[in-house]
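S.K.: My questions all concern the structure below.
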Amino acid sequence: MREIHRGDRRILLILILVALALRIAYIIDISDSPHFRFPILDPYWYDAKARDVLAGDLLASSGSFRVPLYIYYVAIAYLVFGATYFAPLIIQAVLGALSCALVFIIARRVFGRTAAVIAGLGFALYGMAVYSDGELQPTTLYMALMLGSVYFVLEALKRRRTAYGLLAGVCLGLAFLTRPDILPFAVFLLLAAGLVFRSRGGIRVAAMAASVLVCFMVLLGIRNHAAFGEFYVFSPQGAVNLYIGNARYADGKSAVAPPTRYPYDVAADPADDSVTLACRQAATEETGRVLSDRELSRHYVSRTFDEIGADPAAWTGLMIRKAYYFLNSYERSDVKLLPLFIDKPSSVLKLPLLTYGMVLALGAA
1 MREIHRGDRR ILLILILVAL ALRIAYIIDI SDSPHFRFPI LDPYWYDAKA
51 RDVLAGDLLA SSGSFRVPLY IYYVAIAYLV FGATYFAPLI IQAVLGALSC
101 ALVFIIARRV FGRTAAVIAG LGFALYGMAV YSDGELQPTT LYMALMLGSV
151 YFVLEALKRR RTAYGLLAGV CLGLAFLTRP DILPFAVFLL LAAGLVFRSR
201 GGIRVAAMAA SVLVCFMVLL GIRNHAAFGE FYVFSPQGAV NLYIGNARYA
251 DGKSAVAPPT RYPYDVAADP ADDSVTLACR QAATEETGRV LSDRELSRHY
301 VSRTFDEIGA DPAAWTGLMI RKAYYFLNSY ERSDVKLLPL FIDKPSSVLK
351 LPLLTYGMVL ALGAA
């Protein structure tokens, strides 16, 4: 792995400034939009749960369906800077810019300067990254923590110091508390570190990071036991999303709660998680009783694999359709993403920013 040379600092500074300028300009540009002042769907949910924490719900027990770190992130931003949407979003703009720097540093060490410039600039100019950093959603925090884990693993392997392995584990643990689907990535990262870089102490680094990650998972289980009376580490959201995306009725592009419920038909209060209510309602009808969070997770994980096993050919076809939609940047119509800005286009997003297809081509190159 190549060192970051002194000449790269200027490139890093330019990347950070470009990324930060785009993101802040975008947030200012949409600040007069009604969707900014009155968020809907997930942003509304996170805002409501953060306000619950500030009102005294210190365990974030009203947000049991999801893992709690992003709720605390929003709550802390409100506490320090006031309950304005600008606070968490400006912080996310900074995190997004720093993530561009991490992309550059990681690529520089592994692939060299040319790849690093392309990767860093690609992340800085990627339209959906600019958009996501201006949303009250955990994507930005999650990406920063994931990149941080890679950076500290590389540092641990280069310097052969276990302290960096601990920091990698902290990043993975915090990422797990943001989105538990970090686990496949964590397993791949730590296996690669342990097996490919065994001579550099990779096994020790991987074991150290994995131990810290497990500690964070246990910490979440303790919080869940204190708040809900059960020890579990996987939120029901993960199991429900697994089922929604892989059930026999799934079409690869719509989120219909089981068995055929449209989630927003069952929730009267927008602060409630409509998918939670729909899935609990379906599970209650199927089992004849109200399931706890842990039982709800087991129920939908079991149903998912039962339905995949009953018709693996149909599931394979579903995965192919999903890949097609993914590569063509398809997005659900009920999610507030780029199509929502047709009525009020953002001047920043109208710039010739990179699309997913462009980023994919640059990555392949």
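Oh and the sequence shown: position 319 is 319 in the numbering used here, straight run, nothing missing. From the three backbone atoms N, C-alpha and C, an ideal C-beta is built for every residue, glycine too. Predicted model only: the values in this text are computed from it and were never measured.
1) Distance check for Phe111 and Val335, CA to CA, integer angstroms please.
2) Near Gln237, what residues of its chain come up, given a Cβ to Cβ distance below 7 Å and the 5 sequence neighbours on each side ignored?
3) Going by beta carbon distance, what residues of the same chain come within less than 7 Å of Leu15, once the five residues before and after it are set aside?
4) Looking only at its chain, what residues have a beta carbon closer than 7 Å to the beta carbon of Ala19, apart from the 5 residues adjacent to it on each side?
5) So what's Leu177 in DSSP terms, helix, strand or just coil?
6) Below 8 Å on the Cβ atoms is my guess for Ala193 versus Leu157; work out the distance and round it to an integer in Å.
7) Do the CB positions of Asn246 and Trp315 come within less than 8 Å of each other?
8) Whole alpha helix (DSSP H) runs in the segment 156-216 with 4 or more residues, listed along the chain?
9) For the segment 170-178 against the segment 125-142, do three or more pairs of beta-carbon atoms, one drawn from each stretch, fall closer than 8 Å, so that the two count as touching?
10) Locate the alpha helix (DSSP H) running through Ile244, then write down its first and last residues.
11) How would you write the range of the alpha helix (DSSP H) that Thr367 sits in, first residue to last?
12) What are the boundary residues of the alpha helix (DSSP H) that includes Ser132?
13) When the Cα atoms are used, what is the spatial distance from Tyr300 to Ala283?
14) May I have the straight-line CA-CA distance separating Arg9 from Gly357, to the nearest angstrom?
15) For Tyr46 versus Leu136, is the C-beta distance shorter than 8 Å?
16) Which residues in the same chain have their Cβ closer than 8 Å to the Cβ of Val53, if we skip the five residues on either side of it in sequence?
17) Quick check: what's the CA-CA separation for Ser254 versus Gly7?
18) State the start and end residues of the unbroken alpha helix (DSSP H) segment that holds Lys49.
M.R.: Taking the structure as given:
1) Residue confidence for Val335 is low, a pLDDT of 48 falling below 50, so the modelled location carries little weight; the figure read from the coordinates is stated next. Using only the alpha carbons, I get a separation of about 36 Å.
2) Phe65, Arg66
3) Cys100, Ala101, Phe104, Gly120, Leu121, Ala124
4) Gly96, Ala97, Cys100, Ala124
5) coil
6) 6 Å
7) yes
8) 162-176, 183-196
9) yes
10) 236-246
11) Because residue 367 is not part of the residues shown, which for the chain are 1 to 365, the question remains open.
12) 127-133
13) 9 Å
14) 29 Å
15) yes
16) Ala60, Ile71, Tyr72, Ala75
17) 48 Å
18) 41-54
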